[in-house]
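Working notes, beginning with the structure itself.
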Amino acid sequence: MKLAAIDIGSNAARLLIVEILESNKEISFNKINLVRVPLRLGLDVFQKGEISPMRERMILESMQAFRHLMDAHGVSYFRACATSAMRDARNSKKILKAVNQKAEIPIEIISGDEEASLVFENHIAETLTNDKGYLYIDVGGGSTELSFMVDGKHIYRHSFNIGTIRLLQGLVTPRDWQNMRNAINRNIKSVKIPIVGIGSGGNINKVFSISKRKDGSPLTVTLLSEYLKKMSGLTVEERMLQYNFKEDRADVIVPALQIYVNVMHWAGIRDILVPKIGLADGLVHQLYEQLSEQNLIP
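Here it is as structure tokens:
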């Protein structure tokens, strides 16, 4: 059985297609296709409040292509969600109606808190120890989601309107940073146990890749700070050449590193794990659980 998830973020849209495999009563999610399209909706929305006609066409064309790919792979069920940029766009309802009509893809606009909680649908927390706290840090174009787990239980989750594209556009104020810092001090750092970070999002995955670390090895806040200092001194074009980044990665990776480093410093986190997860992974896991509850899994 094949399932799919579509994540329409502020920087890019992603289609994830997985095949559900069962062996000895153990379920695995085998990724068979992952497509990313740099729509960059936040460039319009966070300054103008709406999505431009050009990007509206890009959305429609991308969703029609995603529809064709799902059909070609024989996807049985899918879920599509949109996050920060679509939440803020005045014309999002009109665009989503057009997508549903032309691509037959109904898209839900989810809240920041739901976006934060979906990371846990990957069940990574089940493999973690109870002597530490774990802070999930998911950095996107429009927002950063923090989810804190202690002793197997969620004790805090929140979505902050601090994202890479908002930072590039100068839309994050000192007060926004201070509010995040205060929330971390009050809800996370106040828990007197060691805390490990868990990072998700394309930027932390790219940093992990260029670090040449072995899978499962953590990145340190010291290393991230070094990358931040080094990349901040380069132009976008220089980052593209030196690190083989695409342009839409080269410009957002510095503000992304700024967010990760700040959160880790404020929470007292030395190490961050990078399990290469994202919202689409959480959507697929949640979809599978819902289908299982409805006895729709063969």
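According to our numbering, the stretch in the sequence shown is residues 255 to 552, in order. Virtual Cβ for every residue (Gly too), placed ideally from N, Cα, C.
Suppose the cutoff is 6 Å on Cβ atoms and the five residues either side in sequence are ignored; what does the same chain contact list for Asp342 look like? One-based indexing of the sequence shown puts residue 342 at position 88. Shown here for Asp342: same chain residues with a beta carbon closer than 6 Å to its own, the five before and five after excluded, namely Val299 in chain order.
With a CB to CB cut of under 6 Å and the five nearest residues on each side skipped, what residues in its chain are close to Phe402? Along the sequence shown, one-based indexing puts residue 402 at 148. Within the same chain, Leu389, Ile409, Tyr410, Ile442 come within 6 Å of Phe402 by CB-CB distance, once the 5 residues on both sides are set aside.
Counting C-beta neighbours from all protein chains within 10 Å, is the total for His322 16 or more, i.e. buried, or is it exposed? Position 68 of the sequence shown, counting from 1, holds the residue named residue 322. By the 10 Å Cβ count, His322 comes out exposed.
Report the three-state DSSP secondary structure of Leu297 (helix, strand or coil). Along the sequence shown, read from residue 1 onward, the residue named residue 297 stands at position 43. Correct three-state label for Leu297: helix.
Do Asp525 and Thr474 have their beta-carbon atoms positioned less than 7 Å apart in this structure? Locating residue 474 in the sequence shown gives position 220, counting from the first residue. Locating residue 525 in the sequence shown gives position 271, counting from the first residue. Using a Cβ distance threshold of 7 Å, Thr474 and Asp525 count as a contacting pair.
In whole angstroms, what separates the C-alpha of Ala521 from that of Val445? As a position in the sequence shown, residue 521 is number 267, starting the count at 1. As a position in the sequence shown, residue 445 is number 191, starting the count at 1. Those two C-alpha atoms are separated by around 10 Å.
Within its chain, find whatever has a CB closer than 6 Å to the CB of Gly453; leave out the 5 residues flanking it on each side and keep chain order. The sequence position of residue 453 within the sequence shown is 199, counting from 1. If we look at Gly453 and ignore the five residues flanking it on each side, its Cβ neighbours are Ile391, Ile526, Val528.
Does DSSP put Arg411 in a helix, a strand or coil? To locate residue 411, count along the sequence shown from 1; it is residue 157. It is a strand residue.
By a C-beta neighbour count over all protein chains shown, 10 Å radius and 16 as the cutoff for buried, is Met308 buried or exposed? In the sequence shown, counting from the first residue as 1, residue 308 sits at position 54. Looking at its Cβ environment, which holds fewer than 16 other Cβ atoms inside 10 Å, Met308 is exposed.
Give every residue of the same chain whose Cβ lies closer than 7 Å to the Cβ of Val353, excluding the five residues on either side of it in the sequence, and list them in chain order. Within the sequence shown, numbered from 1, the residue matching residue 353 stands at position 99. Once the five neighbours on either side are set aside, the close Cβ partners of Val353 are Ile313, Leu314, Met317, Ile359, Ile361.
Between the C-alpha atoms of Asn278 and Leu288, what's the straight-line distance to the nearest angstrom? The residue you call residue 278 lines up with position 24 of the sequence shown. The residue you call residue 288 lines up with position 34 of the sequence shown. Roughly 27 Å between the two C-alpha positions.
Contact belief for Asn284 with Glu273 at Cβ below 8 Å, rounded distance in angstroms: Here residue 284 refers to the residue found at position 30 of the sequence shown. Here residue 273 refers to the residue found at position 19 of the sequence shown. That belief holds up - the Cβ atoms of Asn284 and Glu273 are roughly 5 Å apart, short of 8 Å.
Name the one or two DSSP bridge partners that Met403 has. The residue given as residue 403 occupies position 149 in the sequence shown. Paired residues: Tyr388, His408.
Whose C-beta lies closer than 6 Å to the C-beta of Arg268 among residues of the same chain, with five residues either side of it excluded? Here the question's residue 268 lines up with position 14 in the sequence shown. These residues qualify, in order along the chain: Asp261, Arg290, Ala534.
Beta-carbon gap between Leu477 and Leu511 smaller than 7 Å: Residue mapping note: residue 477 aligns to position 223 of the sequence shown, counting from 1. Residue mapping note: residue 511 aligns to position 257 of the sequence shown, counting from 1. Not in contact: Leu477 and Leu511 (Cβ atoms no closer than 7 Å).
Local conformation of Ile305 per DSSP, three classes: One-based indexing of the sequence shown puts residue 305 at position 51. Three-state result, Ile305: coil.
Give the range of the alpha helix (DSSP H) segment to which Gly451 is assigned. Along the sequence shown, read from residue 1 onward, the residue named residue 451 stands at position 197. From DSSP, Gly451 is part of no alpha helix (DSSP H) but of the beta strand (DSSP E) over 449 to 454.
Test item: CB-CB of Ala258 and Phe332 under 7 Å: Within the sequence shown, residue 258 is the residue found at index 4, counting from 1. Within the sequence shown, residue 332 is the residue found at index 78, counting from 1. It is a contact, given that the beta carbons lie within the stated cut-off.
Have a look at the DSSP bridge pairing and note the partners of Ala334. Counting from 1 along the sequence shown, the entry for residue 334 is found at position 80. In the DSSP output, where bridge partners are listed per residue, Ala334 has Ile260, Ile361.
Identify every run of the alpha helix (DSSP H) within the stretch 415 to 481, keeping only runs that are complete inside it and at least 4 residues long; order them along the chain. Segments of the alpha helix (DSSP H) lying fully in the stretch 415 to 481: 418 to 422, 428 to 438, 456 to 465.
Runs of alpha helix (DSSP H) wholly within the stretch 504 to 529 (minimum 4 residues, chain order): At a cut-off of 4 residues, the continuous stretches assigned as alpha helix (DSSP H) that sit fully inside the stretch 504 to 529 are 507 to 521.
Where Leu537 sits in the DSSP three-state scheme: As a first step, residue 537 must be located in the sequence shown, where it is residue number 283. Annotated three-state conformation of Leu537 is helix, per DSSP.
Taking just the CA atoms, how far does Glu543 sit from Leu422? Counting from 1 along the sequence shown, the entry for residue 422 is found at position 168. Counting from 1 along the sequence shown, the entry for residue 543 is found at position 289. CA-CA distance, Leu422 to Glu543, rounds to 38 Å.
Give every residue of the same chain whose Cβ lies closer than 6 Å to the Cβ of Lys530, excluding the five residues on either side of it in the sequence, and list them in chain order. Numbered from its first residue, the sequence shown carries residue 530 at position 276. Here the set comprises Asn459.
Host beta strand (DSSP E) of Leu372 (start-end): Residue 372 sits at position 118 when you count from the first residue of the sequence shown. Segment 366 to 372 is the alpha helix (DSSP H) holding Leu372; no beta strand (DSSP E) there.
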